[in-house]
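Engineer:
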Amino acid sequence: MTDSMVQVRNVVKVYERGKQKVEVLHGLNLEIPTGDFVALMGPSGSGKTTLLNLIGGLDQPTSGEIVVGGGRIDQLKGGELAHWRARHIGFVFQFYNLMPVLTAEGNVELPLLLTRLSAAQRRKNVAVALQVVGLTDRANHKPKELSGGQEQRVAIARALVSDPPLLVCDEPTGDLDRKTAEEILGLLQVLNREHGKTIVMVTHDPKAAEFARRTLHLEKGQLLEQTAQQAA
Amino acid sequence: MTKTSFVVANLFRKRTRTILTLLSVIMAFLLFGLLQSVNTVFNAGADFVGATRLMVQARVSFTSPLPISMVPKLESMPGVTRVAYQQWFGGVWQENTPLIMFSTDPGRYHDVYPEYVMADAQWQTFARTRTGMIAGKQLAEQYGWKIGQKIPIASNIYPQKNGSKAWAFDLVGIFDGKDEDWKKRTNLAYIQQDYFDEANQFGVKGRANFFVLKLADGANAEAISHSIDAMFENSPDETKTQTEKDFNISFVKQVGDIGLIVRWILFAVFFTLLLVVGNTMAQSVRERIPELAVLKTLGFTDGSVLGFVLAEAFALCLFGGLIGLVLASISSALVSKGTGGQFQLTLDGSVWLIGIVAIVLMSLAVGLLPALRARRLRIVDALAGR
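Residue numbers (the working numbering), protein chains in the order written: chain P, 1 to 232; chain G, 1 to 386.
1) Along chain P, in chain order, which residues have C-beta atoms closer than 9 Å to that of R376 (chain G)?
2) Let me confirm a value: K178 (chain G) is counted as buried when at least 16 other C-beta atoms fall within 10 Å, else exposed. Which label applies?
3) Please check the pair L318 (chain G) and A374 (chain G), which I expect to be a contact at CB under 8 Å, by giving their CB distance rounded to whole angstroms.
4) Indicate whether at least one CB of chain P lies closer than 8 Å to the CB of P98 (chain G).
5) Determine the burial state of F247 (chain G): buried for a count of at least 16 other Cβ atoms within 10 Å of its Cβ, exposed for fewer.
6) Do we get a CB-CB distance below 8 Å when we pair E109 (chain P) with the residues of chain G?
7) Ignore the nearest five residues each way along the sequence and tell me which others in G45 (chain G)'s own chain have a CB closer than 6 Å to its CB.
8) On the three-pair Cβ rule with 8 Å, is the region 192-212 of chain P touching the region 167-178 of chain P?
9) Decide if H226 (chain G) is buried, meaning its Cβ has at least 16 other Cβ atoms within 10 Å, or exposed.
10) What beta strand (DSSP E) runs, 3 residues minimum, are completely inside the region 56-142 of chain P?
11) Could you check the C-alpha separation between A9 (chain G) and L310 (chain G) for me, to the nearest Å?
12) Have a look at G:I26, G:Q36, G:F6 and flag the residue whose alpha-carbon is nearest the alpha-carbon of L260 (chain G).
13) Of all the options G:A358, G:L316, G:Q242, which has the alpha carbon lying nearest to the alpha carbon of L215 (chain G)?
14) Nearest chain P C-beta to V25 (chain G) closer than 8 Å, yes or no?
15) Any idea what DSSP makes of D246 (chain G), helix, strand or coil?
16) Which residues in chain P sit within 8 Å of T301 (chain G), going by Cβ to Cβ distance?
17) Kindly indicate if chain G contains any beta-carbon less than 8 Å away from that of D59 (chain P).
18) Alpha carbon to alpha carbon, what distance is there between F29 (chain G) and S63 (chain P)?
19) Spatial neighbours of G47 (chain P) within its chain, please: C-beta separation below 7 Å, excluding the five flanking residues on both sides.
20) On the CB-based measure, 16 or more other CB atoms within 10 Å of its CB, does H110 (chain G) come out buried or exposed?
21) At a Cβ threshold of 8 Å, is G45 (chain G) touching chain P?
22) Count Cβ pairs between the region 16-31 of chain G and the region 197-204 of chain G that sit closer than 8 Å; are there 3 or more?
23) Should the region 279-291 of chain G be regarded as contacting the region 364-383 of chain G, the criterion being three or more beta carbon pairs within less than 8 Å?
24) Taking only beta-carbon atoms, is M99 (chain P) less than 8 Å away from chain G?
25) Spell out a yes or no on whether the region 125-137 of chain P and the region 54-62 of chain P are touching, meaning 3 or more CB-CB pairs, one atom from each, closer than 8 Å.
26) Do A328 (chain G) and S363 (chain G) count as a contact pair if the criterion is CB distance below 8 Å?
27) From the DSSP secondary-structure annotation, give me the bridge partner or partners of Q20 (chain P).
28) Classify M77 (chain G) as helix, strand or coil using the three-state DSSP reduction.
29) Determine, for N140 (chain P), whether the minimum Cβ-Cβ distance to residues of chain G falls below 8 Å.
30) Taking the C-alpha atoms as reference points, what is the distance between P164 (chain P) and A86 (chain P)?
31) Determine, using beta carbons only, whether I387 (chain G) comes closer than 8 Å to chain P.
32) Kindly indicate if chain P contains any beta-carbon less than 8 Å away from that of P370 (chain G).
33) Identify, in the order they occur along the chain, each residue of the same chain with its Cβ nearer than 6 Å to the Cβ of F62 (chain G), setting aside the five sequence neighbours on each side.
34) Is there contact between the region 139-156 of chain G and the region 164-172 of chain G, where contact requires at least three CB pairs shorter than 8 Å?
35) Which first and last residues belong to the alpha helix (DSSP H) in which L369 (chain G) is found?
36) Could you tell me if E109 (chain P) is buried or exposed, where buried requires 16 or more neighbouring beta carbons within 10 angstroms of its beta carbon?
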């Protein structure tokens with residue numbers, strides 16, 4: 001399918017823990033169209049984060065194929081995969097994972113150090129990204145001077161700044177109160193609907209999943225069902 | 001922001017720790033600079049003297065004087081054109097300032113050391129004035145001596161016949177060096193051998209600590225050395241003949257093997273420093289495993305992350321090392337000034353070069369292991385805290 005952003009075909013992932021081998025994903029198949037906003041739900045140990053890591057190119061499958069944006073990423077190695085991630089994926093983590101020594105602006109600029117943009121162009125892109133997440137006035141603050149919601153907005157700006165087609169979010173509201181969580185989820189919804197970003201989000205929270213276009217349920221390494229949400 | 005500013009920002013994330021580590025690096029390189037310049041002074045200070053002269057001393061030690069009666073035999077050696085001799089006087093200026101001072105035969109000395117420049121009239125005056133003394137320009141300027149002055153100098157070895165160690169000499173000449181190297185060696189003084197022989201109470205008459213042999217052009221210094229030592233073998237005055245440079249080095253090594261002492265001190269300093277800085281770097285990387293994983297997540301390659309950690313180690317060592325070397329330069333200049341040029345410490349190019357090499361090697365030694373650890377990080381494990 002030409003309009004598929006993500007295709008996962010017969011993916012098996014086995015982790016080795018000492019002498020033990022644990023199969024986390026068992027021949028999983030999945031297709032996510034471009035422009036979709038998918039919530040991945042399931043109990044702990046079901047393989048949600050593993051699947052997310054595979055889609056985001058942070059890990060490699062034991063077998064099977066993963067195609068993202070029309071290219072097979074399961075065949076990419078080390079440096080190639082790093083370059084691919086820089087161009088195609090924006091990551092948002094549960095605990096924000098910002099660099100404490102950098103300001104909000106510096107954190108957002110970090111991925112742009114991998115591009116050939118001039119300093120002026122980088123600053124311009126950073127300003128736009130911070131504007132999108134509504135944090136222009138906090139640009140010169142360090143993470144410890146920001147609230148959790150603001151930190152997550154900075155993390156989203158960092159994920160957006162190099163304009164990747166796919167955002168991969170691992171429990172993005174897991175560390176936030178309800179109100180702030182809804183603001184962040186609303187922001188992701190805007191990015192999906194108005195900016196055309198394809199989003200894959202892992203969450204435990206059914207209320208958070210409601211912000212997605214559809215929800216996929218995983219259990220014991222296999223997809224169970226799919227729930228389509230009403231547009232909010 | 002640039003990659004460099006990112007590295008610097010990371011370096012100062014724990015400001016106190018970094019500053020303390022930096023201070024230890026600065027201190028280490030300050031010591032390195034000073035000790036290395038001491039070593040250079042002791043080992044390479046006479047590089048420019050070449051092999052046109054040989055020095056003959058007693059085989060046991062140059063403190064056992066040889067009879068001046070050996071001069072004709074030495075002068076008859078093929079390849080030897082002229083022989084001078086020098087006797088250590090043990091001069092002390094005023095309260096307790098030791099001087100480099102010898103007694104010598106003026107005419108012979110002038111012939112053997114053409115590198116020292118002085119008006120002919122002054123050489124002649126020195127030769128015929130029994131209480132005459134000539135001083136190097138550096139020494140004369142340091143103490144404000146002028147030709148014609150009577151210079152009171154004590155000897156910490158030789159009393160006069162009346163038992164007094166206070167001597168007085170007439171300054172009849174001030175010599176300079178023919179070039180920059182020799183100008184730096186004008187911090188010494190000479191008195192007349194004949195006068196010294198007659199006036200001292202100890203009766204070291206007719207003896208000198210060492211002979212200086214001027215060689216003919218193209219003379220085989222090594223062969224002549226062997227011949228001289230062979231000639232006096234099994235005599236009451238066995239000799240040890242060496243080049244002027246080797247002699248100078250062995251002269252200063254009377255106080256010990258400076259090079260060895262310096263090497264051991266520096267080894268201890270740098271070994272401690274490696275532990276201190278290495279621990280800082282290892283701790284710094286251990287504390288931010290998740291951050292390094294995030295960098296990789298964002299698209300920085302394993303090599304880039306390795307580069308960041310190495311760059312931090314390099315920046316720490318370079319910054320501290322350069323400050324330390326600059327401080328060593330300043331301290332050396334102060335020491336030289338404080339001793340009136342008697343002990344000329346300078347951080348020459350070779351010390352800086354070795355310092356820079358030490359900075360690079362130390363950066364690698366303290367940064368490589370943490371950097372490799374950062375490089376090997378698996379993103380998934382690091383983010384999961386495994």
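Note that CB positions come from ideal geometry on N, CA and C, so glycine has one too.
Here the structure is a predicted model, which is why all the values come from computation and not from measurement.
Structural biologist: Short version:
1) Under the 9 Å cutoff, chain P gives no residues; its nearest Cβ is about 11 Å from R376 (chain G).
2) exposed
3) Contact flag wrong, Cβ pair sits at about 20 Å.
4) no
5) buried
6) yes
7) Any answer about G45 (chain G) is weak, because its pLDDT of 47 lies below 50 and its placement is not dependable; what the coordinates show is given next. Excluding sequence neighbours, G45 (chain G) sits near nothing in its chain.
8) yes
9) exposed
10) 63-68, 89-92
11) 14 Å
12) G:Q36
13) G:Q242
14) no
15) helix
16) G78, G79, A82, H83
17) yes
18) 55 Å
19) V24, L25, L218, G221
20) buried
21) The pLDDT assigned to G45 (chain G) is 47, lower than 50, so where the model puts this residue is not dependable, and the model offers no usable value.
22) no
23) yes
24) yes
25) no
26) no
27) P:R17
28) coil
29) no
30) 8 Å
31) This structure gives no information on residue 387 (chain G), because the portion of chain G shown stretches from 1 to 386.
32) no
33) N209, F210
34) yes
35) 349-376
36) buried
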